[in-house]
Structure formats: structure tokens, C-alpha cells
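Colleague:
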Amino acid sequence: MSTPSVVVEHLSKSFGETRAVEDVSFEVQPGEVFGLLGPNGAGKTTTIRMMLDIFKPDSGRVEILGSDPAKVSKDRIGYLPEDRGLYKDIPLEQVLIFLATLKGLGDGEAKSRLVPWLERVDLYEHRRKKVQELSKGMQQKAQVIATLLHEPDLIVVDEPFAGLDPVNTRLIKEIIQEQVAAGRSVIMSTHQMYQVQALCDRIVLIDHGRSVLYGRVDEIRRDFAANAVVLEGEGDFSGLPHVLDARQEDGGWHLSLEAEADPQEVLRALATRPGVRLERFERAEPSLDDIFVTVVTAGRRAGAAQAGNGAAQAGRARDDDE
Amino acid sequence: MNKTWLIARQEYLKNVRRRSFLLVTFGLPVLMLVLMAISVLSSTGTSDASTLGYVDQSGTLFAKVDDPGFRAFANTEEATAALEAEQVRGFYVISPGCAGTGEVELVYWDRQPGAGLQERFDAFLKANIVGSLAPDVAARALAGPEDLVVRTADGSRESDSAGLLGLVLPFALGLFISFALMSSASYLLRAVTDEKENRTIEIVTTSVSPKEFIAGKAAGLVGVALTQVVLWAVVIVAGLAVVSLFTDALGGIAVSWGLIGVLAAFFVPLFVLAVALVVILGVVVADARQGQQLVGAVNVFFLLPLFFSPLLGSDPDGPLMVFLTLFPTTSLLTIAVRWGATIIPLWQIIVSWVILVACAGSGFWIAPRVFRQGMLRYGKRMSLQGVVAAVRTRG
Numbered sequence: 001m002s003t004p005s006v007v008v009e010h011l012s013k014s015f016g017e018t019r020a021v022e023d024v025s026f027e028v029q030p031g032e033v034f035g036l037l038g039p040n041g042a043g044k045t046t047t048i049r050m051m052l053d054i055f056k057p058d059s060g061r062v063e064i065l066g067s068d069p070a071k072v073s074k075d076r077i078g079y080l081p082e083d084r085g086l087y088k089d090i091p092l093e094q095v096l097i098f099l100a101t102l103k104g105l106g107d108g109e110a111k112s113r114l115v116p117w118l119e120r121v122d123l124y125e126h127r128r129k130k131v132q133e134l135s136k137g138m139q140q141k142a143q144v145i146a147t148l149l150h151e152p153d154l155i156v157v158d159e160p161f162a163g164l165d166p167v168n169t170r171l172i173k174e175i176i177q178e179q180v181a182a183g184r185s186v187i188m189s190t191h192q193m194y195q196v197q198a199l200c201d202r203i204v205l206i207d208h209g210r211s212v213l214y215g216r217v218d219e220i221r222r223d224f225a226a227n228a229v230v231l232e233g234e235g236d237f238s239g240l241p242h243v244l245d246a247r248q249e250d251g252g253w254h255l256s257l258e259a260e261a262d263p264q265e266v267l268r269a270l271a272t273r274p275g276v277r278l279e280r281f282e283r284a285e286p287s288l289d290d291i292f293v294t295v296v297t298a299g300r301r302a303g304a305a306q307a308g309n310g311a312a313q314a315g316r317a318r319d320d321d322e
Numbered sequence: 001m002n003k004t005w006l007i008a009r010q011e012y013l014k015n016v017r018r019r020s021f022l023l024v025t026f027g028l029p030v031l032m033l034v035l036m037a038i039s040v041l042s043s044t045g046t047s048d049a050s051t052l053g054y055v056d057q058s059g060t061l062f063a064k065v066d067d068p069g070f071r072a073f074a075n076t077e078e079a080t081a082a083l084e085a086e087q088v089r090g091f092y093v094i095s096p097g098c099a100g101t102g103e104v105e106l107v108y109w110d111r112q113p114g115a116g117l118q119e120r121f122d123a124f125l126k127a128n129i130v131g132s133l134a135p136d137v138a139a140r141a142l143a144g145p146e147d148l149v150v151r152t153a154d155g156s157r158e159s160d161s162a163g164l165l166g167l168v169l170p171f172a173l174g175l176f177i178s179f180a181l182m183s184s185a186s187y188l189l190r191a192v193t194d195e196k197e198n199r200t201i202e203i204v205t206t207s208v209s210p211k212e213f214i215a216g217k218a219a220g221l222v223g224v225a226l227t228q229v230v231l232w233a234v235v236i237v238a239g240l241a242v243v244s245l246f247t248d249a250l251g252g253i254a255v256s257w258g259l260i261g262v263l264a265a266f267f268v269p270l271f272v273l274a275v276a277l278v279v280i281l282g283v284v285v286a287d288a289r290q291g292q293q294l295v296g297a298v299n300v301f302f303l304l305p306l307f308f309s310p311l312l313g314s315d316p317d318g319p320l321m322v323f324l325t326l327f328p329t330t331s332l333l334t335i336a337v338r339w340g341a342t343i344i345p346l347w348q349i350i351v352s353w354v355i356l357v358a359c360a361g362s363g364f365w366i367a368p369r370v371f372r373q374g375m376l377r378y379g380k381r382m383s384l385q386g387v388v389a390a391v392r393t394r395g
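Which chain is which? The protein sequence lines are A and B, in order.
Sequential numbering of the first sequence, starting at 1, is according to my numbering.
Sequential numbering of the second sequence, starting at 1, is according to my numbering.
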């Protein structure tokens, strides 16, 4: 395996009494889209800011493109922060050229690279307008250009689809896929789980500052899958061998299998059953959305239980004192 | 291209293209030129001496020394008739006891004769009063008292009594520099709060370091202030040159190179200190409005010597003036204010500079740390504890 683009090891950061990030570790490989997920306030943005040397960690280690974040050339990183911002009282073209020159491009090169980008995202006609005159979606697309114009090796995008209509969402998705195809690494933080499922190879899920889930998206989904299959088609799907329960769901059938049952045996049984016509047969894997909710909810319950135990123990201690 | 330079260039161009900047920068000199022109015209509008007459009841002007052509009248009736016929703008009546009392009456209709013309008549009158003395005595009498020069024991520094100008010029120079500094600081505060409000800082700090960012902004904005100040200075110098063609009142102007050297040595660290204070202020406040309210208070710390300038005449070396000389934010202006009034001991200048450099160095170290922690608090104020924590925190 090639040298990881990002290595995060046991990263921790506190602000006063608040523990924002605690012992988070993950790696991002070149040419992959990596999902940095978590509920609001989980510590994702703080983790990103430590990766980008905006904040220094209290402990742990970060390595970006093989170097310390403070020493790696900032020109090799493209960042689309969650809190969007462009200079509002300056024409769009000037802002983007200025930001590109800060990333090491010359004025002329920045200008020549900018034109095709502006044309591609339908902003060319608006290039002389001040940023404040552009719609939110246009500003979002301009921000994407600012992130990518200097062709960075590592791209960090926080909620890249926020404020975009379906057409532009698809456009940005295509752009991300092109960047990955060009061998660049993309770290994407978003709450749109179907986009993560569609784009990301691997993810880390952070909750309350801690890493609670980390790995390949397909493996995680398999791990969370119950022993069940989903099928669509015509015919009688009742009374099949090794099937505990068959229920209709979202226009198809959801079959719960016995613990050790092999779905292939069910498929063979269906293939031989007269009058059955199958259009879809697959293992029932939960969506990332389901997994996100399951993990985060379980974490909150555990936290509440721990707090309850703590309170009960404190209460008992008080009773003892009395 | 150097990133500090890129930020400086961007900041400079952004500001000099603002309508408000163009209005103030070019509007003020135009206003000054208009005022100067009015002043010159009012003083020299009627430069023909024959438009002013005199009635010499004292016989003082019999010698008619250096007569520049003022019209002489035998009596006030003749002079009044000429005034009513608008042949003269006015006339002086030199009373019989003028040599002893100095009593001279100026009579005019509705418009007073210009100041330049009156000055010429004064000179004419004085030349006639001393006309009976020996030429060298008369020349000394007309030249006025000798200059008093005060030197230090080793003769290395001296203070000459160039009159009011000698006192006012260093003061004006100090004020000029302080204004440039305050102007840059005000621009910088706006730039920092704008950056916070625009939420651009997170992108910029992933392209440049906080130090590069602050240095670039400060350099660009001092360029803006200097553009303004230099342009005004050129207009003032040109204006004074024009004025000097009409009056010799400005002939004694001489700028002390020692003062310029001292002010230059103080300017850089004072500017760094002002930048650091303004950056911290810009980061601590929630928005530009709060920043503008607070910058006024900060300006007071730089312009404090102005409030104590009346002390110059009575106690230029008193404890308060010494304190203001040593206090970092007031050092430059206090030195400028005192320069024309006294000889500032060398130790005070050196100690003051050392204190200022130490404070500027500390500010340059603290400001990027506070900036790094506080700039991402969009729309929020940073508490004093937050500032202390930011200073203590790693990076």
C-alpha cells in the first residue's frame, strides 16, 4: 500500500473544560474518498482544523502528505470549510484569482485555469459581479472552485453539497469523482449519508469526540446487516426453507433468515418454486443512515446510563454520608 | 510571489479603490488648496501699495525711507475723500505721539486691506522710525533679538529658539506620523473584523500562516496610510512653497534631522505594537461596529500627549512628561512634542525605545496566537480568559 495522504494517531484536543476530540485515529489513502462523519458537535471540524494546522492538538500526531502539518506546503491542500466565506465586496474573478495566488499560482496561470472552471459551473457570465450579488448556490460553487483551482493533492470538503439543487449536487459529485480518479485524496464531512454511501470508500464516525466506527463502507454495512435478504418480483414467497419471517416492505419482500442459514439456499429454493419470477435478490444491508442513527443513539443511551449510574452512586454516597 | 506581499498588494488595492478613500485622499488636498488660495488672495489681493494711504500727523515719515509707494495725504479730510471716491482701500493715521505710544489708526470703508499690504506698511513705518539711527544699529533694531541657542555640556545636541515655528514643527511632525499610524490601525481593524465577518479566515489560514497574514495586512494598510499622508504632505509642501512666494514668514523653517532620526527609530516598533493591539482587538470583538467603538479608546492611548501639551510651556521636563516619554504608546508623540521645548535627556530616549521594542516584540508574539484562536469565533466575542488561554495554548 502506498504512503497514506493523512495519518491521524490518538489525536486529542480540549477547549477549557470541554473535551472536543479524544483519542481519534484514522488514515486516508491516496485516490480515495474518505468520509469524516458524526453528529453536530461531535468534533469533526476540530479534527479537520488540527489536520490543517489551524489548531494544534494537545496530544497525538498528524501527518499530512508525509509531513508534519506545520511543514507541509499549504499549496498542496484544498479546503472547503463548513463556514463558507469569500470577500463579499470584490468581484468574483478577482477573489478567486487572489485565493489561487495564495496557493502558489501566478496571476496569469490562475486566470487561464479559472475560465474553464467558471464555464463548467455556469459562473462565467457572473465573473465580474461582486460576491455579495451572487446567490447562495453560486457562492457555494465559487467556493468549490477556490478549493480546487490550484489542483491540490489533498482535498478536504465540509458539507460540499449544502445549498445546492439536485443538478448542481450531481455536478459537484462528478467533480469529486474526477479528483479521485486523478489520484487525489478527498476527505468529505457531511450529514448526507446517501452521498457518503455513493462516494466514500471508507469512513470514520466520531461521536462525543471519540472514534466509534472506522473502516470500509461495504464492510461496515455487512457487519451491521442482520441475517436477512431483500427481494422483489412476483410469486409466493411464503414457507421458504430457513426463513423465519417474510414481510412486505417498500414494494418488495424482507425475509428474516435463521441464524446460520445461507441465503444461497433460499435463492435455490426460490429458483425451483413454480410461478416465481425474481427481479431483485440481495442481502439486506442497512443504509449508512441507519447505521449512523443506531451507533449515535446507542452511544447516547450508554452515556445517559453512565450518567444515571454516576448519579445513583453519588446519591448512595450521599445517603451513606447522612 | 511572496505570500505576505500578495496579501499586502490585495489589501492595498482593495482599499485605495474604495470610494471613501478616494474622496478623503483627493478631497482634503483640494479643500486645503482652496483654503490656501483664499488665504493668499485675501492677504495679497490688493498688492498695489498705492491703494493704501497715510496721514502723517507725527512727522515720523519725513525721511521716506524705503517708500514702497503708499499714497501720502496732507490731512484726514483729503484721505477720507480719496477713500469715498474709492481711490484707496484705506489709510493710516499716524498720531502725533506715535514714536512714544505706537498709536496708529487704520481707516477703511467696508473691506479691510490685505494682511500682506498691512505688513508692508508696518515695515515701512518701522524703517522710518529707526531712520535717524546709525545704519548698523537700525539694521539690528529691525532684525529683532538674537537667537538663543541652548547646548548640552558636550555640545552634541542643541536647541535653538526658532520661535513658535521651532516649537510647532516637531509637534506637527509627530502628529503627522501619529495620524498615519492611527489611520493604518483603523484600516487594519476594519480589515480584521471584515475578515471575521466574511468568514474568509479559515480559507486564508490554510494558505498562509497567521504571521504572514497579519504582516501582509499591516504592510498593505500602512501603504494605504502612507499614500494618503505623502499625498497630503506633497500638497502642504507645495502650498507652503507657493505661500512663501508671497510672505517671508516661513523663511525660518528648518527640520531637525536628529528629530527625524529619532522618530523613524520609534515609528517601526510603535507601528508593530499598534498592529498587535488592533489585531487582538479585532479578534476579541464580535463585529466591526464593536471594533470601531473600541478603537477610539485605543487611539487615546496613542494621542494622550496632545491633552497635556499645555504643560510644555510650564514643565516640559516634569514627571508626567517623562512618564509619557517612557510609556510605549505615547513615546513618539511625547518626544515630538517636547523636542522643540527642551533638550530631552538621551537616557530617556534610549530607555523609552527599549521599552517600546520589548512591548512591540511581545505584541508580535501574542497577536498571532490570539488571532489563531479567536478568528474562528464568528459573531462571538472573546473573553479576557479566552485571550489568556489563547496566549498560553500551543499555537
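For glycine and all other residues, C-beta sits at the position ideal for the given N, C-alpha and C.
Computed from a predicted structure; not experimentally measured.
Closest to A185 (chain B) by C-alpha separation, out of B:V275, B:V93, B:N198, would be which residue?
Modeller: Position 185 of the second sequence holds residue 185 (chain B). Checking every option, the nearest Cα to that of A185 (chain B) belongs to B:V275.
Colleague: Distance, Cα to Cα, L114 (chain A) vs K103 (chain A)?
Modeller: Counting from one through the first sequence, the residue named residue 114 (chain A) turns up at place 114. Counting from one through the first sequence, the residue named residue 103 (chain A) turns up at place 103. Looking at the two C-alpha atoms, the distance is approximately 14 Å.
Colleague: What are the boundary residues of the beta strand (DSSP E) that includes E282 (chain A)?
Modeller: Sequence index remark: in the first sequence, residue 282 (chain A) carries index 282 (1-based). Its beta strand (DSSP E) spans residues 277 to 283.
Colleague: Is it true that the CB of G233 (chain A) sits closer than 8 Å to the CB of V276 (chain A)?
Modeller: The residue given as residue 276 (chain A) occupies position 276 in the first sequence. The residue given as residue 233 (chain A) occupies position 233 in the first sequence. Contact: yes.
Colleague: Kindly list the residues whose CB is nearer than 7 Å to the CB of Y79 (chain A), restricted to its own chain and excluding five residues on each side of it in sequence; keep chain order.
Modeller: On the first sequence, position 79 is the one that residue 79 (chain A) refers to. So the list reads L52, T147, V156, once near-sequence residues are dropped.
Colleague: Going residue by residue through the segment 237 to 266 of chain A, where are the continuous beta strand (DSSP E) segments of at least 3 residues, counting only ones entirely within it?
Modeller: DSSP runs (the beta strand (DSSP E)) wholly in the segment 237 to 266 of chain A: 243 to 249, 252 to 257.
Colleague: Buried or exposed: where does Q112 (chain B) fall if 16 or more other Cβ atoms within 10 Å of its Cβ makes it buried?
Modeller: Position 112 of the second sequence, counting from 1, holds the residue named residue 112 (chain B). It counts as exposed.
Colleague: Drop a sphere of 10 angstroms on the beta-carbon of I187 (chain A), count the other beta-carbons inside from all chains shown, and report buried for 16 or more, exposed for fewer.
Modeller: As a working mapping, residue 187 (chain A) is identified with position 187 in the first sequence. When all chains shown are included, I187 (chain A) counts as buried.
Colleague: CA-CA distance, P39 (chain A) and I206 (chain A)?
Modeller: As a position in the first sequence, residue 39 (chain A) is number 39, starting the count at 1. As a position in the first sequence, residue 206 (chain A) is number 206, starting the count at 1. Their backbone Cα atoms lie some 8 Å apart in a straight line.
Colleague: How should E22 (chain A) be labelled, buried or exposed, when 16 other C-beta atoms within 10 angstroms of its C-beta is the threshold for buried?
Modeller: In the first sequence, residue 22 (chain A) corresponds to position 22, counting from 1. Burial call: buried.
Colleague: Determine whether the Cβ of F98 (chain A) lies closer than 8 Å to any Cβ atom of chain B.
Modeller: Counting from one through the first sequence, the residue named residue 98 (chain A) turns up at place 98. Closer than 8 Å to some Cβ of chain B, the Cβ of F98 (chain A) qualifies, so yes.
Colleague: So Q10 (chain B) contacts chain A; which residues on that side make the cut at Cβ distance below 7 Å?
Modeller: As a first step, residue 10 (chain B) must be located in the second sequence, where it is residue number 10. Correct list: F98.
Colleague: Assuming contact is defined by CB atoms lying nearer than 8 Å, are A142 (chain A) and L96 (chain A) in contact in what I supplied?
Modeller: As a working mapping, residue 142 (chain A) is identified with position 142 in the first sequence. As a working mapping, residue 96 (chain A) is identified with position 96 in the first sequence. Closer than 8 Å, so yes.
Colleague: Using 10 angstroms around the beta-carbon of L13 (chain A), count the other beta-carbons present and answer buried if the total reaches 16, otherwise exposed.
Modeller: As a working mapping, residue 13 (chain A) is identified with position 13 in the first sequence. According to the sequence provided, residue 13 (chain A) is Lys. The question's Leu does not apply to it. Buried.
Colleague: Do I201 (chain B) and M375 (chain B) count as a contact pair if the criterion is CB distance below 8 Å?
Modeller: Numbered from 1 along the second sequence, position 375 holds the residue referred to as residue 375 (chain B). Numbered from 1 along the second sequence, position 201 holds the residue referred to as residue 201 (chain B). Yes, they are a contact pair.
Colleague: What's the call for G53 (chain B), buried or exposed, on a 16-neighbour Cβ count within 10 Å?
Modeller: Here the question's residue 53 (chain B) lines up with position 53 in the second sequence. G53 (chain B) should be labelled buried.
Colleague: Taking 8 Å as the cut-off, decide whether the C-beta atoms of V243 (chain A) and L231 (chain A) are in contact.
Modeller: For this step, residue 243 (chain A) is matched to residue 243 along the first sequence. For this step, residue 231 (chain A) is matched to residue 231 along the first sequence. No, the Cβ-Cβ distance between V243 (chain A) and L231 (chain A) is not below 8 Å.
Colleague: Kindly indicate if chain A contains any beta-carbon less than 8 Å away from that of G282 (chain B).
Modeller: Residue mapping note: residue 282 (chain B) aligns to position 282 of the second sequence, counting from 1. Chain A contact via Cβ: absent.
Colleague: Please report how far the alpha carbon of H150 (chain A) lies from the alpha carbon of L118 (chain A), in whole angstroms.
Modeller: To locate residue 150 (chain A), count along the first sequence from 1; it is residue 150. To locate residue 118 (chain A), count along the first sequence from 1; it is residue 118. Distance between the alpha carbons of H150 (chain A) and L118 (chain A): 14 Å.
Colleague: Exposed or buried, which one is Y194 (chain A) when buried takes at least 16 other CB atoms within 10 Å?
Modeller: If you number the first sequence from 1, residue 194 (chain A) lands on position 194. Burial call: exposed.
Colleague: Please identify the residue among A:T101, A:V180, A:D236, A:L36 whose C-alpha is closest to the C-alpha of P30 (chain A).
Modeller: Here residue 30 (chain A) corresponds to residue number 30 of the first sequence, with the count starting at 1. For P30 (chain A), the nearest C-alpha among the options comes from A:V180.
Colleague: Excluding the five sequence neighbours on either side, which residues of its own chain have a C-beta within less than 7 Å of the C-beta of R283 (chain A), listed in chain order?
Modeller: Position 283 of the first sequence, counted from the start, is the residue given in the question as residue 283 (chain A). Closer than 7 Å at Cβ, skipping near neighbours: A225, V229, P263.
Colleague: Does K13 (chain A) come out as helix, strand or coil in the three-state DSSP assignment?
Modeller: Within the first sequence, residue 13 (chain A) is the residue found at index 13, counting from 1. Here K13 (chain A) sits in strand by DSSP.
Colleague: Along the chain, where does the beta strand (DSSP E) containing R71 (chain B) start, and where does it finish?
Modeller: The residue labelled residue 71 (chain B) in the question sits at position 71 within the second sequence. Where R71 (chain B) is concerned, the enclosing beta strand (DSSP E) stretches over 71 to 73.
Colleague: So if DSSP puts V130 (chain A) in a beta bridge, which residue, or which two residues, is it bridged to?
Modeller: Against the first sequence, residue 130 (chain A) aligns to sequence position 130. The amino acid occupying residue 130 (chain A) in the given sequence is Lys; Val does not appear at that position. Its beta-bridge partners are A:P91.
Colleague: Given a limit of 7 Å on CB to CB distance, which residues of the segment 101 to 117 of chain A reach chain B?
Modeller: Result list: T101, L102, K103.
Colleague: Could you tell me the distance, in whole angstroms, from the CA atom of E260 (chain A) to the CA atom of L213 (chain A)?
Modeller: Counting from 1 along the first sequence, the entry for residue 260 (chain A) is found at position 260. Counting from 1 along the first sequence, the entry for residue 213 (chain A) is found at position 213. In a straight line, the C-alpha of E260 (chain A) is about 26 Å away from that of L213 (chain A).
Colleague: Between A85 (chain B) and L240 (chain B), what straight-line distance do the alpha-carbon atoms span, to the nearest angstrom?
Modeller: Your numbering for residue 85 (chain B) matches position 85 in the second sequence. Your numbering for residue 240 (chain B) matches position 240 in the second sequence. If you take the alpha carbons of A85 (chain B) and L240 (chain B), they lie about 37 Å apart.
Colleague: Does any residue of chain A bring its CB to less than 8 Å from the CB of L6 (chain B)?
Modeller: Against the second sequence, residue 6 (chain B) aligns to sequence position 6. Yes, because at least one Cβ of chain A sits closer than 8 Å to the Cβ of L6 (chain B).
Colleague: Can you name the residues of chain B whose CB is closer than 9 Å to the CB of L86 (chain A)?
Modeller: Taking the first residue of the first sequence as position 1, residue 86 (chain A) is located at position 86. What L86 (chain A) touches in chain B: N198, R199, T200, I203.
Colleague: Taking the alpha-carbon of P286 (chain A) as reference, which of A:R128, A:T18, A:I145, A:R221 has the nearest alpha-carbon?
Modeller: As a working mapping, residue 286 (chain A) is identified with position 286 in the first sequence. Ranking A:R128, A:T18, A:I145, A:R221 by Cα distance to P286 (chain A) puts A:R221 first.
Colleague: Can you give the Cα-Cα distance for L22 (chain B) and V8 (chain A), rounded to whole angstroms?
Modeller: The sequence position of residue 22 (chain B) within the second sequence is 22, counting from 1. The sequence position of residue 8 (chain A) within the first sequence is 8, counting from 1. In a straight line, the C-alpha of L22 (chain B) is about 51 Å away from that of V8 (chain A).
Colleague: Check whether the Cβ atoms of I203 (chain A) and L37 (chain A) sit closer than 8 Å, and answer yes or no.
Modeller: Along the first sequence, one-based indexing puts residue 203 (chain A) at 203. Along the first sequence, one-based indexing puts residue 37 (chain A) at 37. Closer than 8 Å, so yes.
Colleague: Which residues in the same chain have their Cβ closer than 8 Å to the Cβ of A233 (chain B), if we skip the five residues on either side of it in sequence?
Modeller: By 1-based counting over the second sequence, the position of residue 233 (chain B) is 233. So the qualifying residues of the chain are F176.
Colleague: Distance, Cα to Cα, G361 (chain B) vs I90 (chain A)?
Modeller: Taking the first residue of the second sequence as 1, we reach residue 361 (chain B) at position 361. Taking the first residue of the first sequence as 1, we reach residue 90 (chain A) at position 90. So the two alpha carbons sit approximately 34 Å from each other.
Colleague: Taking the alpha helix (DSSP H) that Y12 (chain B) belongs to, which residues open and close that run?
Modeller: On the second sequence, position 12 is the one that residue 12 (chain B) refers to. Note, Y12 (chain B): alpha helix (DSSP H), 3 to 16.
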